[in-house]
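Each residue of the sequence shown is one higher than the last, beginning at 42 in this note's numbering.
Think of the CB as a built atom: it goes at the ideal place given N, C-alpha and C, for glycine as much as any other residue.
Given the structure is predicted, the values throughout are model-derived calculations rather than measurements.
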Amino acid sequence: MFYTSNKFWVETGADIITTILDYLEVKVSKDEMEDFISQREYLNEDVNDNYEPIYINLAKAWEIVRVLVLKIKEHKTDKTKISEGWLYDEIILLYKTLDPTNRYLSMFEGKTSESKKFIGLLDSFIERISLTETVEPLLEFLGVAFIELLITKDLGELTGIYFWFMLECVLISRGYGPIIITEKSELRYIFGLQEKITIEIKKYLLKDFSNLKQFREVVNFWTNKIELFRMEKINLY
């Protein structure tokens with residue numbers, strides 16, 4: 042399967058991280074990022090002297106996604122929740138890697154109503170790994186959860202990146218493949234749609250926004266990206 046290929050993780054990680062960094066105005070080439078990931082340069086002692094923290098942290102986080110996917114596939118369980126220790130540790134580590142300050146670590150502890158709701162949404166992401174459903178209903182569900190989290194911003198400004206990595210983890214674990222966005226214009230387009238959705242939800246206090254035109258566009262965009270991966274790249278790995 043493609044997710045067992047090191048080449049897949051290097052090339053896909055470079056695509057995803059390069060696009061994020063480009064959006065954040067951090068200059069990097071895909072070739073440079075591929076070398077950084079494949080050579081595991083993020084583990085070098087002097088790495089902080091040569092690269093910005095976000096550059097390093099995203100590469101480390103992508104490695105955690107890889108480990109998480111392989112553990113999920115190896116574990117094989119009908120019901121998977123983050124309360125299970127083997128999974129919980131990696132999910133916490135993913136957050137700590139993206140945010141070394143650990144500012145929102147308490148959200149993973151389940152001691153407040155906000156934290157319990159947050160963990161419930163995380164569980165709903167992970168539970169989708171073992172459910173039998175086609176890709177579009179899966180993307181619709183993940184999209185709803187993703188938008189809800191963008192509204193609450195439980196992990197501050199890193200909420201979007203963290204849950205984007207979690208979304209990729211679920212899709213790869215299911216064997217569908219990743220959503221790869223390589224153009225900044227496409228990223229702006231999808232972010233713009235998400236912003237319009239959140240505005241509509243807040244303005245009209247919407248409980249069900251799955252039929253909004255903008256939301257359907259997001260789901261269709263994601264679906265097309267997965268289909269593109271399956272048509273053009275999956276057999277390369």
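Check	Outcome
Which one of Tyr44, Gly54 and Thr142 has the shortest CA to CA distance from Glu198?	Thr142
Quick check on the burial criterion: 16 or more other C-beta atoms within 10 angstroms. Buried or exposed for Phe232?	exposed
Going by other Cβ atoms of all chains shown within 10 Å of its Cβ, with 16 needed for buried, is Lys244 buried or exposed?	exposed
Using the C-alpha atoms, what's the distance from Leu246 back to Leu62?	33 angstroms
For Lys157, which three-state DSSP category applies?	helix
Helix, strand or coil: how does DSSP classify Thr223 here?	coil
Who are the Cβ neighbours of Leu135 in its own chain at under 8 angstroms, not counting the five residues just before and after it?	Ala102, Ile105, Val106, Leu109, Tyr203, Phe206 and Met207
In chain order, what residues of the same chain have a beta carbon less than 8 angstroms from the beta carbon of Leu162, not counting five sequence neighbours either side?	Ala186, Glu189 and Leu190
Tell me the residue span of the alpha helix (DSSP H) that contains Phe262.	Lys254 to Glu273
Going by beta carbon distance, what residues of the same chain come within less than 6 angstroms of Phe149, once the five residues before and after it are set aside?	Ile133
Where do the ends of the alpha helix (DSSP H) carrying Val88 lie?	Val88 to Asn91
Residue range of the alpha helix (DSSP H) that Phe187 falls in?	Val176 to Thr193
Thinking C-alpha only, which one of Tyr230, Phe256 and Pro94 is nearest Glu241?	Phe256
If I measure Cβ to Cβ from Ile58 and keep anything under 7 angstroms in the same chain, skipping five residues before and after, which residues do I get?	Met74, Leu99, Ala100 and Trp103
Is it the case that the Cβ atoms of Thr223 and Thr60 are separated by a distance below 9 angstroms?	yes
Report buried or exposed for Thr193, applying the criterion of at least 16 other Cβ atoms within 10 angstroms of its Cβ.	exposed
Could you pull out every residue in the same chain whose Cβ sits closer than 8 angstroms to the Cβ of Lys225, ignoring the five residues on either side in sequence?	Thr60, Asp63 and Tyr64
For my contact list, Ser147 and Ser156 are in at a C-beta cut-off of 8 angstroms; report their separation, rounded to the angstrom.	6 angstroms
Can the beta-carbon of Arg215 be found closer than 9 angstroms to that of Arg271?	no
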